[in-house]
Amino acid sequence: MTLLHPVTPHHAHHSLIPAISTFTSFLPSSLSIDHLRAWYTNPATDPLHPAIAFSLVTSAVVFVLGELTGNVSQVDRLWTSLPLIYSAHFTFWPLVTGQVTRIADLDHRILLVFALQCAWSARLTYQSARRGFLTLNPWGEEDYRWLVVRKRLPKWAFSLLDLVFIAFIQNLLLLAADLPQYLLLTHDRAASSHLSQLARLKPGHAPVARVPLNLADALLAALFIVTLALEMRADNEQQAFQNIKKRALDKRTKGHALTVKEQTAVERGFVAEGLWAWSRHPNFACEQATWYILYAFTVVPFLPLAQSFTSHPLSTLAHLGSSTPSDKAQSATAKLVDLVSSVPGALLPSHVDLDMALAALLHPYTTLRALSPVDPLSLLNQGALSRLGAQAKLAAHVAIAEVRADEGTYWNYAVLAPVIMSALFFSSTMLTEEISAGKYP
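If you count the sequence shown from 1, position 193 lands on 194 in our numbering, and the numbers rise without skipping.
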């Protein structure tokens, strides 16, 4: 990538917590068009700052419209476009700020993720449009779930819910959904804190070298398209069922006889054929999967194994097939031996039990190596049991430390994007199911 401007020291703030904490400090001095343009096109501006500012302004507008119209579904109509807007901002930010001169000079992985998000947005826009949900009329249709919630809360409490969650939190969640794009944009900057973890994974390359598109990117893209196709099929199955149900209700109103299929649709009330025979909400399941796949673009293509298929497969496969434990495993085992010997027969505090369980799940190899030297017959001895418990808990501590050390290699802060989307879908689906169960016991 050809840089027209040097990467400034301010790029050291290109990680999530520093970027958020410095947001107010780096706002433009005035709100004039010229100042805003200069701020946005300045290569030293953290790209997350304009996105946060846009999200806050959008939230305020959405809240005011919701209160004036009595329709709090204003942000719902933006779901099809806002994530794509944020993705476009992060994708083309180097071009807008003059750091590159051509689209071809942009990071190819970021361009690939943006193209996939365009496909995602097109599907959701089409689905929302055919359901009649997209309209420029702010007094238009409101999500039926908000009608239920409004009846359950006092007016002031619902207005507070509108302000805090419906308007602001949802808009910020839509911005957070593009954290993978922000990380991909910033982790290869020379002064970025992400550099030491993500950008140095390929052996023999300088820290500022990009990791080119590889087989992992192709597989993730194919998986994303398959998931999107399944989601579209689920949408079509649901739409077809609703059409049958609506037609049946119209026929019943007119006194006409219903077919067996129409009678079943009316009695059951919801679709249970096709993909819906396997999942109560296959469209929601696929939607969640797309967010996790987008996050995977920040991790999987950077793993040595993913790159080995296009660079040095034999050496990597030979390494994987070797029975010799890695330096990391040997180091972890050595730590365990030292720690166990320092507390013979002692048990660690009980609060680490959960940590131990989680660590054993995430790092089974480390845990098994810690337990393997124990003679099964010695378990009959209570003192051996105590030492075994101490050893296992100490193994958990080592494994937890490994998980934390893996940040930037096997996981990163962008995992917040799919996790918060899952939390949002989980809570909204619980309300949806409660309403459906009331209609169709």
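Every residue gets a Cβ at the ideal spot worked out from N, C-alpha and C, and that includes glycine. Computed from a predicted structure; not experimentally measured.
Terminal residues of the continuous alpha helix (DSSP H) containing residue i?
i: S428; result: 417 to 440
i: S160; result: 156 to 162
i: V101; result: Taken as a continuous stretch (DSSP letters only), V101 belongs to no alpha helix (DSSP H), as it is neither H nor E.
i: T81; result: Unbroken run through T81: none, as it is neither H nor E.
i: D35; result: 34 to 42
i: R146; result: 145 to 153
i: F27; result: F27 -> no alpha helix (DSSP H), and no H or E assigned at all.
i: S60; result: 49 to 70
i: F115; result: 109 to 131
i: T187; result: 180 to 187
i: N172; result: 171 to 177
Under the DSSP definition of a beta bridge, which residues are partnered with residue i?
i: E408; result: W412
For the candidate residues the options, whose alpha-carbon lies nearest to that of residue i?
i: H50; options: S129, G99, Y183, R146; result: Y183
i: L231; options: W279, Q243, D47; result: W279
i: G67; options: D144, Q243, R153; result: D144
i: T23; options: A273, T46, H109, Y441; result: T46
i: L175; options: Q392, H398, S74, L79; result: L79
i: A178; options: S56, R38, D218, S26; result: S56
i: G275; options: W292, A290, Q239, P29; result: Q239
i: T126; options: S82, A116, V149, L112; result: S82
i: T187; options: A266, P48, N172; result: P48
i: W121; options: E408, E435, A290, V399; result: A290
i: C119; options: A54, A61, S74, A89; result: A89
i: W277; options: M233, L112, V261, P84; result: M233
i: A116; options: K152, K262, V149, A219; result: A219
i: A130; options: P84, L154, D77, W157; result: D77
i: G439; options: R146, L295, L164, F166; result: R146
i: K246; options: I21, R253, E263; result: E263
i: V300; options: R269, W412, Y293; result: W412
i: V267; options: I401, L37, R248; result: R248
i: L161; options: T102, P95, V73; result: V73
i: Q243; options: T228, A273, G256, L216; result: A273
i: L164; options: E288, A393, F427, L69; result: L69
i: C287; options: Y414, V399, S423; result: S423
i: V58; options: T410, I170, A397; result: I170
Between residue i and residue j, how many whole angstroms is the CB-CB distance? I'm expecting something under 8 Å.
i: P44; j: Q128; result: The Cβ separation is near 38 Å, so there is no contact.
i: L114; j: P181; result: It should be noted that the sequence gives Val, not Leu, for residue 114. 7 Å between Cβ atoms; contact.
i: L296; j: A418; result: The residue asked about is misnamed: residue 296 is Tyr in this sequence, not Leu. Between A418 and Y296 the Cβ distance is about 6 Å, and since that is below 8 Å, they are a contact.
i: S437; j: F271; result: 7 Å
i: A235; j: N284; result: 4 Å
i: L185; j: R110; result: 6 Å
i: V63; j: A168; result: 5 Å
i: V150; j: F159; result: 7 Å
i: Y441; j: R281; result: The pair is not a contact, with the Cβ atoms about 12 Å apart (cut-off 8 Å).
i: Y87; j: A52; result: 6 Å
i: L96; j: L107; result: 6 Å
i: T92; j: L112; result: 6 Å
i: L229; j: R124; result: 6 Å
i: N215; j: P302; result: 6 Å
Runs of 4 residues minimum, wholly inside the stretch 252 to 290: which ones carry the alpha helix (DSSP H) assignment? 261 to 269
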